[in-house]
Structures are given as structure tokens and as C-alpha cells.
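With our numbering, letter number 351 in the sequence shown gets 354, and the count goes up by one each step, no holes.
Built from N, CA and C at the ideal position, the CB exists for glycine as well.
Everything numeric in this text was worked out from a predicted model, so none of it was measured.
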Amino acid sequence: MDLIGPIDSSGLIRSSPALEALLDKLEHLETVACGAEATYMVEADGVTYSSYSLLWMLLCAFLVFFMQAGFGMLEAGAVRAKNAKNILLKNIVDAAVGGLSFWIIGYGIAYGTSNPFIGGSGFFFANLKDFAFWLFQFAFAATAATIVSGAVAERTQFRAYLAYTFFISGFIYPVVVHWVWSGEGFLSQFNPDSTKVGPGMIDFAGSGVVHMTGGMLALVGAIVVGPRHGRFVHVGQDKSQATFTSYLDFRSSFWRERKGGKWEVRDLSASNSSAAVLGTFILWLGWYGFNPGSTLSFAGGAQLVAERTAMTTTLAASFGALSSFLLMLALSKGRFGALDGLINGTLAGLVGITAGCSVVDLWAAAVIGILAGAAYVGAHHLLLKLKIDDPLDAAPIHLFVGALGVLLVGFFAHPMFVSDAYGVEGCATYFNGSIDEACRSTVGVFYGGNGTLLGVQVLGIVCIAAWCGATGFVLFIAIRAAKALRVKEEHEKMGLDEAKHGGYAFPDFHRGEGETEDALLTRPVIPKPASSKRVDNES
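This is the structure:
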């Protein structure tokens with residue numbers, strides 16, 4: 004790698020054809036003011052970077068990848084202790100298999116040149132040198148895949164994780180990326196041709212691309228795999244031991260038994276609240292790479308966009324946490340929900356702001372956070388009403404709140420901030436409600452927009468939900484048909500750590516002599532009994 008002399012413009016220039024249009028849009032962010040310190044460039048095989056931008060992208064990629072540790076802690080803390088090792092192993096598999104899949108085919112589909120629907124070049128990263136950009140995008144792909152595992156936790160075979168992670172990271176997710184973030188996608192702001200719809204969709208860091216994708220796949224997975232053993236109990240009949248091989252099997256039983264009593268939701272308690280809180284803070288930290296890092300640069304105007312994005316991200320997370328916390332306390336009359344409300348409300352606020360983090364004002368970020376927290380609580384109760392078992396609330400947080408975040412951009416996108424982040428002509432002249440006609444189709448309706456952007460945002464929501472729902476359903480049904488989806492009932496009762504992974508993750512987790520399965524269902528960590536003998540068979 005060679006250092007070449009100081010420049011006076013364009014802090015980030017790439018020769019990759021798939022990114023040329025995108026980077027042309029970003030050039031306005033990287034103008035170096037006259038008299039500023041020189042910016043040095045790094046060149047490798049014809050690909051030229053600002054050294055500052057390269058460092059910025061790498062650091063943000065590291066932060067986003069570190070979110071895998073956050074998901075691991077959050078999920079290990081949220082599941083029961085007898086399944087903690089299984090969920091931790093899954094997180095490593097997500098990263099490893101996802102990296103392989105994204106290298107082989109995913110990146111080529113996402114950013115390869117072909118047509119507005121799907122990319123068709125750059126497989127195996129052949130003849131490409133955008134290493135930092137690849138790493139950043141891989142970290143996003145790993146995030147989308149790991150969202151799914153929380154919804155199917157505690158009853159899914161390990162080989163199912165391998166299969167769906169490969170297809171999500173290599174095909175389902177990259178197609179959505181191509182639509183919205185490539186230089187050719189039909190929903191992309193960076194597509195200079197007439198093949199895009201309207202002005203293109205604004206999803207700066209992925210409320211739709213990443214979180215809706217992961218959330219919709221999580222919802223489909225939870226439906227196909229069915230609820231956990233003992234999650235929904237039919238009062239008055241001995242249904243607590245029933246394990247359903249699919250959600251449809253469960254719903255059939257639910258309607259047959261509805262007149263003979265009522266179904267109650269059994270709380271399958273989390274194993275380690277400390278780990279869940281730690282995971283939440285790691286994820287919050289990682290979001291400062293996720294959102295500000297999506298500038299792809301740290302030169303000139305991009306620095307200001309990154310600063311504002313970090314601020315809006317913080318406000319949305321804060322207001323989301325408080326909104327969800329207070330609402331869950333009110334609904335439970337102060338009896339429960341405080342910690343869950345704070346954890347999931349924080350994540351909801353972060354998911355909700357991710358689409359518009361660079362284009363909304365600070366007050367709008369606060370409003371988005373409040374609405375995101377409330378939307379999470381509503382979606383959480385909706386899934387319980389429908390008897391859909393999602394242990395991590397992956398679908399309420401990522402699908403429902405992600406869709407809300409994409410939608411709200413159509414209302415709150417500020418003209419000047421749209422100009423800063425996307426270089427849209429005419430929007431920089433906004434002043435005291437006055438807006439250039441050329442800008443009306445690219446800003447929110449609250450700032451004089453004509454509704455075109457709002458319509459494109461709605462179209463994006465529909466397209467992402469339909470694509471991920473359809474492909475996810477086919478994927479999970481195929482895995483189920485191969486008898487590779489759900490674990491055996493006896494293994495689920497025993498716990499996947501002992502049944503599949505050679506023992507428990509927590510050394511103080513033991514099953515007491517004569518202890519029934521009903522007791523194990525609701526107790527997170529079981530104290531060590533007086534006798535060291537472990538009862539491995541069901542009593």
C-alpha cells in the first residue's frame with residue numbers, strides 16, 4: 004500500500020463499478036475546506052481511499068461486529084439456564100457461517116452489477132479490493148442473521164441454525180441490500196437512472212434493510228417451529244406437557260380446546276438478567292458504529308453527519324427505554340416488566356431511529372424513540388394474543404419497530420439534513436419553511452414534502468416484508484421437511500445444553516432429585532442439591 008500526496012477534495016473514491024454511483028453521491032460530504040490540513044490517500048490496486056475514512060470505516064466495522072457479543076449476552080441471559088450454551092454456540096455459528104456465505108455469494112448479490120433486483124458479479128470477492136467496505140457490510144449481514152435465532156431459541160436443532168444462517172447471509176438479506184443501498188437498486192437513493200422508484204428510499208443504516216429483514220424472518224421462524232414446551236397452558240386440562248411440532252399444529256389445538264377453558268401464557272423465566280443488561284449496553288455501544296459509521300467517511304461534511312447521527316441515536320434509545328418502561332409498568336399495574344421494558348425499549352428506540360438517524364432533527368428523534376417504545380409493547384402483547392412464542396421479542400423489536408422507523412422518515416426527514424446526508428439538490432436552501440420545489444419529493448411531509456418520499460417508504464416496507472416473509476417461509480418449511488428444524492421433545496425438556504452440548508453453561512445449574520419438569524420450566528437457575536447425583540431422565 005502506498006501513500007500518495009495530499010488532496011483537496013474527495014476523501015473516499017472507489018473504482019468498484021457497483022459503488023461508483025453511491026460514492027458520487029457522497030463526494031459532497033468530503034470537501035476539505037481551503038487551508039485545512041492535508042488529507043493523505045491510501046491506494047491499493049487502483050482503489051483509492053482517504054486514510055481517515057478508511058480508519059473510520061474499519062473502527063465502525065469493529066464496533067458493529069462487536070454487537071455479536073452483545074446479542075450473545077442478551078440471548079444467553081434471556082433464555083433458561085439449561086439452554087444458555089446452545090444459544091452462545093449459535094452466535095459463533097452465525098458469525099462464522101455468515102462470513103463464509105457473504106464472501107462466497109452475498110456481497111456479489113448485494114453490490115454486484117446486474118439489474119435493479121439482484122447483483123450478479125463479485126462472487127468470492129473476485130478482483131475487488133474494497134476490504135474495509137466488505138468488512139463493514141459483513142458485520143451488518145451477521146446482525147440480520149443473528150436476530151432470527153432469538154425467536155426460535157430453546158427448541159431448534161443446531162443444523163437448522165447452520166442452514167438458515169447460510170441462506171439469510173448469502174441470499175435473502177443481500178437482495179434487500181441491493182434494492183436499497185447499491186448503485187442499481189430500484190429503491191436506492193444512489194441509483195442515478197430512471198429504474199428507481201421516485202427519489203428512492205431513505206434507510207440510512209438499516210431499520211428496514213437489516214432489522215425488518217431479520218425481524219420478518221424471526222417471525223416466520225417462530226411460527227413454523229411452534230411455541231416452546233409449556234409456554235402456553237390450557238387451564239383445566241393437562242396441556243402443560245404438550246409440545247407442538249409447528250405453530251399451525253398448536254393453533255389447531257388452541258381452537259379445539261378454546262371452549263373448554265382458557266389458555267394462559269406461562270412465564271419461562273430468563274436465566275441471567277445481568278448478562279442481558281450487559282448485552283444491551285454492548286449493543287447500544289455497537290450502534291454508534293452501526294449508525295454514524297454508515298456515512299462511510301469521516302472527511303468534511305460527513306463528520307458533521309456522523310456527529311448528528313450519534314446524537315439522534317442516543318436520544319431515541321433513551322426515550323425508547325423510558326417509554327417502554329413506563330408503559331409496561333402501567334399495563335402491569337407496577338407488578339412486573341420494569342427490566343424487560345427498559346432492555347427491549349432501549350433496543351426498540353435504537354431500531355426505530357436507524358432509518359432516519361442522519362435526516363431527522365433532535366426533537367423528532369425523541370418522538371421516534373417514544374413511538375418505538377410504545378410500538379414494541381403493543382407488538383409484544385399482539386404476539387402473545389396470537390400465541391406466537393418469541394423468547395427474545397425479536398419480531399416486535401426488529402420487524403414492527405423497524406417498519407415504524409422506515410415509515411416515520413416519510414414524516415420527519417428534514418430538507419437540510421437530507422441534503423447533508425444524500426446530497427439532494429435544492430434541499431440545502433430550506434429556510435423557515437421555504438423549500439425548493441425540486442426538493443419536495445425527497446423530504447418529510449412535516450417539512451413541506453409532497454408525500455412522494457412517504458409513498459416510497461411504504462413501498463419499501465411492503466417489498467421487504469413480502470420478500471422476507473415468502474423466502475423465509477419456504478426456507479423454514481424446507482428445513483422442517485428435512486426433519487432438521489425442531490429438537491426432540493425429550494431433549495427440549497432436558498435442556499439442549501445437557502442433551503446436545505455435554506453439560507450446562509452455568510456450573511451451579513443442576514436438576515434436583517425427583518424434580519419435575521414443571522418446576523424446571525419456570526425456574527432459571529436451580530440451586531445445587533444436597534446430593535450430587537444428577538437425574539437425567541424425566542421423572
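Under the three-state DSSP convention, the category residue i falls into
{"i": "phenylalanine 193", "result": "coil"}
{"i": "threonine 198", "result": "coil"}
{"i": "arginine 489", "result": "strand"}
{"i": "valine 448", "result": "helix"}
{"i": "glutamate 157", "result": "coil"}
{"i": "phenylalanine 120", "result": "coil"}
{"i": "histidine 232", "result": "coil"}
{"i": "valine 380", "result": "helix"}
{"i": "valine 427", "result": "coil"}
{"i": "histidine 417", "result": "coil"}
{"i": "valine 268", "result": "strand"}
{"i": "serine 53", "result": "strand"}
{"i": "histidine 504", "result": "coil"}
{"i": "serine 172", "result": "helix"}
{"i": "serine 274", "result": "coil"}
{"i": "serine 297", "result": "helix"}
{"i": "serine 437", "result": "strand"}
Contact set for residue i: own chain, Cβ-Cβ below 6 Å, skip 5 residues either direction
{"i": "phenylalanine 134", "result": "none"}
{"i": "aspartate 364", "result": "His417"}
{"i": "isoleucine 90", "result": "Glu78, Ala79, Val82 and Ala156"}
{"i": "glycine 344", "result": "Ser327, Phe328 and Met331"}
{"i": "leucine 350", "result": "Ile400"}
{"i": "cysteine 63", "result": "Gly292 and Gly296"}
{"i": "alanine 148", "result": "Asp97, Gly101, Thr168, Ile171 and Ser172"}
{"i": "leucine 61", "result": "Ala135"}
{"i": "alanine 99", "result": "none"}
Nonlocal neighbours in the same chain, by C-beta distance under 8 Å from residue i, ignoring five residues either side
{"i": "valine 67", "result": "Phe139, Ala142, Phe143, Thr146, Gly289, Gly292, Phe293 and Gly296"}
{"i": "leucine 103", "result": "Phe169"}
{"i": "arginine 234", "result": "Val268, Arg269, Leu271 and Asp392"}
Which listed residue (the options) has its alpha carbon closest to that of residue i
{"i": "serine 208", "options": "Ile175, Ser172, Phe65 and Ala358", "result": "Note on identity: in this sequence residue 208 is alanine, with serine being the wrong assignment. Of the listed residues, the one whose Cα sits closest to alanine 208 is Ala358."}
{"i": "valine 354", "options": "Ile391, Ala341 and Asp396", "result": "Asp396"}
{"i": "leucine 383", "options": "Arg231, Ala154, Arg489 and Ala129", "result": "Reading the sequence as shown, one finds histidine at residue 383 and not leucine. For histidine 383, the nearest C-alpha among the options comes from Ala154."}
{"i": "leucine 475", "options": "Ser117, Phe174, Ala341 and Ile108", "result": "For the record, residue 475 in the displayed sequence is glycine; it is not leucine. Comparing Cα-Cα distances from glycine 475 to each of Ser117, Phe174, Ala341 and Ile108, the minimum goes to Phe174."}
{"i": "glycine 413", "options": "Glu440, Phe449, Leu330 and Gly429", "result": "Phe449"}
{"i": "threonine 159", "options": "Gly498, Phe328 and Leu307", "result": "Gly498"}
{"i": "tryptophan 266", "options": "Ile391, Gly447 and Ser437", "result": "Ile391"}
{"i": "glycine 101", "options": "Ala84, Trp137 and Leu271", "result": "Trp137"}
{"i": "leucine 457", "options": "Ala468, Thr445, Cys466 and Ile467", "result": "Thr445"}
{"i": "valine 461", "options": "Lys491, Asp206, Tyr176 and Ala163", "result": "Asp206"}
{"i": "valine 370", "options": "Leu386, Tyr379 and Gly352", "result": "Gly352"}
{"i": "glycine 115", "options": "Asn86, Val409, Glu495 and Trp184", "result": "Trp184"}
{"i": "valine 200", "options": "Leu478, Glu495, Gly463 and Tyr507", "result": "Gly463"}
{"i": "arginine 226", "options": "Gly405, Lys491, Pro394 and Ala273", "result": "Checking the displayed sequence, the identity of residue 226 turns out to be isoleucine instead of arginine. Isoleucine 226 has its Cα closest to that of Pro394, out of Gly405, Lys491, Pro394 and Ala273."}
{"i": "leucine 220", "options": "Ala431, Leu387 and Tyr176", "result": "Tyr176"}
{"i": "phenylalanine 284", "options": "Ser53, Phe69, Pro230 and Asp500", "result": "Phe69"}
{"i": "serine 376", "options": "Lys388, Leu407 and Ala84", "result": "At residue 376 the sequence reads glycine, which differs from the serine that was named. Taking only the C-alpha atoms, the option nearest glycine 376 is Leu407."}
Per-residue burial, residue i [other beta carbons within 10 Å of its own, 16 or more giving buried]
{"i": "isoleucine 95", "result": "exposed"}
{"i": "threonine 317", "result": "buried"}
{"i": "threonine 216", "result": "buried"}
{"i": "asparagine 118", "result": "exposed"}
{"i": "glutamate 440", "result": "exposed"}
{"i": "glycine 381", "result": "exposed"}
{"i": "alanine 333", "result": "exposed"}
{"i": "alanine 113", "result": "buried"}
{"i": "glycine 505", "result": "exposed"}
{"i": "threonine 198", "result": "exposed"}
{"i": "lysine 336", "result": "exposed"}
{"i": "alanine 129", "result": "exposed"}
{"i": "lysine 262", "result": "Confidence in lysine 262 is poor, its pLDDT being 49 and thus under 50, which makes the residue's placement too unreliable to answer from."}
{"i": "phenylalanine 415", "result": "buried"}
{"i": "phenylalanine 193", "result": "buried"}
{"i": "serine 152", "result": "buried"}
{"i": "leucine 411", "result": "buried"}
Cβ shell of residue i (< 7 Å), same chain only, five flanking positions each side left out
{"i": "valine 308", "result": "Leu32, Thr298, Ser361, Asp423 and Ala424"}
{"i": "phenylalanine 105", "result": "Phe141, Ala144, Ser172 and Gly173"}
{"i": "glycine 38", "result": "Residue placement at glycine 38 is poorly supported in this model, since its pLDDT is 33, which falls under 50; the coordinates still yield a value, given next. Once the five neighbours on either side are set aside, glycine 38 has no close Cβ partner at all."}
{"i": "valine 212", "result": "Val179, Val180, Val183, Trp184 and Asp206"}
{"i": "asparagine 453", "result": "Arg443 and Ser444"}
At a cut of 8 Å, does the stretch 142 to 149 reach the stretch 188 to 200 through at least three beta carbon pairs? no
At least three beta-carbon pairs within less than 8 Å, the stretch 309 to 317 to the stretch 69 to 84: no
Hey, is the stretch 397 to 407 in contact with the stretch 424 to 438, meaning 3+ C-beta pairs nearer than 8 Å? no
How about the stretch 168 to 181 and the stretch 115 to 133: do they share at least three Cβ pairs that are nearer than 8 Å? yes
Okay, do the stretch 54 to 64 and the stretch 266 to 286 touch, 3+ Cβ pairs below 8 Å being the bar? no
Between the stretch 319 to 326 and the stretch 167 to 176, are three or more C-beta pairs nearer than 8 Å? no
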